[in-house]
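Undergrad: Numbering (our numbering), first residue to last: 824 to 1331. For each residue, glycine too, the CB sits at the ideal point set by N, CA and C. Got a structure for you, written out below as structure tokens; questions coming shortly.
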């Protein structure tokens, strides 16, 4: 009760800029629980001040009236984002932890500096991770008093000493495979349009270039803002059979005493094609600045990333965001930088090489990345309540809308998986010939429109059979970490995601 009184009296803990910012946050009226089971509630009514729903055998109730306004709307908005990534079974625990965390906060203390210090006093590991995730959301939103650049210093906040998962405490910002696939396919599509001399706006080329650089190099906003056209270096000349290859001279984020030279990183063909097209259309050359980002480079980079990520998503998901039926996931350059670091560590890259690629002045952060392993990351995700709901939501971004076979009058998809032909699974709205393997690549393509009565179960069985054979073969030759297994596992998850969406579409 004492905590309740303490928090209720703090109507003025938010300053005027924060109140104005929060008023611009709109929470959709309903939160759809995509992975809800047969007896679970399929959605949460978020229009009221009390959220009540039944999920996984428990009735959850969160009373937001305990919070003063407009702090109430901020927490509701962060919870909506949280439920799109995590299981809603722990939402009441999340609320209790954040409520206790904010109790006693005084006027002028609702900022990153004060709240990050308050984290150090939390001894319970569950409460700690709930609160640090809330603080990350505030930084990603860039609420006045919080900056995206603060996400880096959150890694240095000591975790609770009794935390049994301490060894992989830094596995916090890793991109999911569906998100990576969406970025790769989106960049490939833009590059293929350029190959066919299809004009693309200069702004879209700029946003694609920034997103591609963040994804492939993990560059910080300050590094991208320092780039000039001369930093793009041609490695090989192209001919009719082989495309030209380019590298990028990436500056260090911080001033170096011993190594002032820039980092030379090879770029994928598609990304270099996009950057070159942007340079030509912008009439840039030589020492001209590659990207004009103004005084707020961090905000400009974040805007470009999320704008292009939404553009790469399916039209169905874009329409939901436009109508206020969904909130777009927020991505920052920090997410991509940590993803690059963890990905390199999981491939066995040394600490010095990781530090070199990411432009670190020491090996401290690189050693933390190496402490992480995929298996530990999966365990930690389960502890935090993360489930496949987030991947289901991302699947909605990756594929087109569910449709009926009777109403579809365009191209239909058919192809082999193994020795079995699969048809009547969906339609394709791509205007040109598809360069990918039909059926196998369709379930992560935004041009694919699954049929609600399609033979998706047959596809799933073929993928499972192929995956089992692949695992058996890899084990027999002593290569249990065959990267093809991960690719096939992703395909398996994508097919299951479409199956779930079809059941929801059919009202099952």
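Look up residue 1229 in the DSSP assignment and say whether it is helix, strand or coil.
TA: Residue state, collapsed to three classes: coil.
Undergrad: Shortest alpha-carbon distance to residue 961 belongs to which of 1262, 1321 and 1154?
TA: Measuring from the Cα of residue 961, the nearest candidate turns out to be 1154.
Undergrad: Does the beta-carbon distance from residue 1097 to residue 1052 come in below 8 Å?
TA: Contact flag unset, no.
Undergrad: Classify residue 1244 as buried or exposed, calling it buried when 16 or more other Cβ atoms lie within 10 Å of its own Cβ.
TA: Residue 1244 comes out exposed.
Undergrad: Which residues mark the beginning and the end of the alpha helix (DSSP H) in which residue 949 is found?
TA: Residue 949 -> alpha helix (DSSP H) spans 948-964.
Undergrad: Is DSSP giving residue 930 helix, strand or coil here?
TA: Coil.
Undergrad: Cutting at 6 Å between CB atoms, please list the residues of its own chain near residue 924, excluding the five before and the five after it.
TA: Hits under 6 Å: 954.
Undergrad: Where does residue 1008 sit, in a helix, a strand or coil, going by DSSP?
TA: Three-state result, residue 1008: helix.
Undergrad: So for residue 1268, helix, strand or coil by DSSP?
TA: Here residue 1268 sits in coil by DSSP.
Undergrad: Along the chain, where does the beta strand (DSSP E) containing residue 935 start, and where does it finish?
TA: That residue, residue 935, is in no beta strand (DSSP E); its alpha helix (DSSP H) goes 935-942.
Undergrad: Can you tell me whether residue 1314 is helix, strand or coil according to DSSP?
TA: The answer is helix: DSSP assigns residue 1314 an H, G or I state.
Undergrad: Under 6 Å Cβ to Cβ from residue 1317, same chain only, skipping five residues before and after it: list those, please.
TA: Taken in chain order, the residues that qualify are 1266 and 1267.
Undergrad: DSSP on residue 886, reduced to helix/strand/coil?
TA: Looking at residue 886 - three-state DSSP - the assignment turns out to be strand.
Undergrad: Over what stretch of residues does the beta strand (DSSP E) that includes residue 1251 continue unbroken?
TA: Per DSSP, residue 1251 belongs to the beta strand (DSSP E) from 1249-1251.
Undergrad: So, is residue 1230 buried or exposed, given that buried needs 16 or more other C-beta atoms within 10 angstroms?
TA: Its Cβ having fewer than 16 others within 10 Å, residue 1230 is exposed.
Undergrad: My understanding is that residue 1224 touches residue 1272, with C-beta atoms under 8 Å, so please give their C-beta distance in whole angstroms.
TA: Contact holds; Cβ gap of about 6 Å.
Undergrad: In chain order, what residues of the same chain lie with their CB nearer than 7 Å to the CB of residue 846, ignoring the 5 residues before and after it?
TA: Hits under 7 Å: 893.
Undergrad: What span of residues does the alpha helix (DSSP H) with residue 812 cover, start to end?
TA: No answer is possible for residue 812: the residues shown for the chain start at 824 and end at 1331.
Undergrad: Where does residue 878 sit, in a helix, a strand or coil, going by DSSP?
TA: Strand.
Undergrad: So if DSSP puts residue 920 in a beta bridge, which residue, or which two residues, is it bridged to?
TA: Residue 920 pairs with nothing; no bridge assigned.
Undergrad: Which first and last residues belong to the alpha helix (DSSP H) in which residue 1276 is found?
TA: Note, residue 1276: premise wrong, no alpha helix (DSSP H); not H, not E.
Undergrad: Could you pull the start and end residues of the alpha helix (DSSP H) that residue 1057 belongs to?
TA: No alpha helix (DSSP H) contains residue 1057, which is instead part of the beta strand (DSSP E) from 1055-1059.
Undergrad: Distance, Cα to Cα, residue 1291 vs residue 1165?
TA: Spanning the two alpha carbons is a distance of roughly 27 Å.
Undergrad: Could you give the DSSP three-state label for residue 1024: helix, strand or coil?
TA: In this structure, residue 1024 counts as coil in the three-state DSSP scheme.
Undergrad: Given 7 Å as the limit, tell me if residue 999 has its C-beta closer than that to any heavy atom belonging to the ligand FAD.
TA: The ligand FAD is not part of this structure, which contains no ligands at all.
Undergrad: Report all residues from its chain with a CB closer than 8 Å to the CB of residue 1204; omit the five preceding and five following residues, and keep chain order.
TA: In this predicted model, residue 1204 has a pLDDT of only 44, less than 50, meaning its place in the structure is not dependable; the value taken from the coordinates is given anyway. Result list for residue 1204: empty, nothing under 8 Å.
Undergrad: Between 1108, 1111 and 1056, which has its C-alpha nearest residue 1091's C-alpha?
TA: Selected option, being the one with the closest Cα: 1056.
Undergrad: So, residue 851 versus residue 1136, is the Cβ gap smaller than 8 Å?
TA: Not closer than 8 Å, so no.
Undergrad: Work out the CA separation of residue 1024 and residue 1005 for me, nearest whole Å.
TA: Those two C-alpha atoms are separated by around 20 Å.
Undergrad: Among 969, 967, 913 and 931, which one has its Cα closest to the Cα of residue 952?
TA: Looking at the Cα atoms, 913 is the closest of the given residues.
Undergrad: Are the beta-carbon atoms belonging to residue 939 and residue 977 less than 8 Å from one another?
TA: Contact: yes.
Undergrad: If you follow the beta strand (DSSP E) that residue 868 is part of, which residue opens it and which one closes it?
TA: Taken as a continuous stretch (DSSP letters only), the beta strand (DSSP E) holding residue 868 covers 866-868.
Undergrad: Quick one: any contact between the stretch 1031-1040 and the stretch 1122-1134, if contact means 3 or more CB pairs under 8 Å?
TA: The answer is yes - the stretch 1122-1134 touches the stretch 1031-1040, with three or more Cβ pairs under 8 Å.
Undergrad: CB residue 1044 to CB residue 1156, shorter than 8 Å?
TA: It is a contact, given that the beta carbons lie within the stated cut-off.
Undergrad: On the criterion of 16 or more Cβ atoms from any shown chain inside 10 Å, does residue 1117 qualify as buried, or is it exposed?
TA: Residue 1117 comes out exposed.
Undergrad: Going by DSSP, name the residue or residues bridged to residue 1068.
TA: Answer is 1059.
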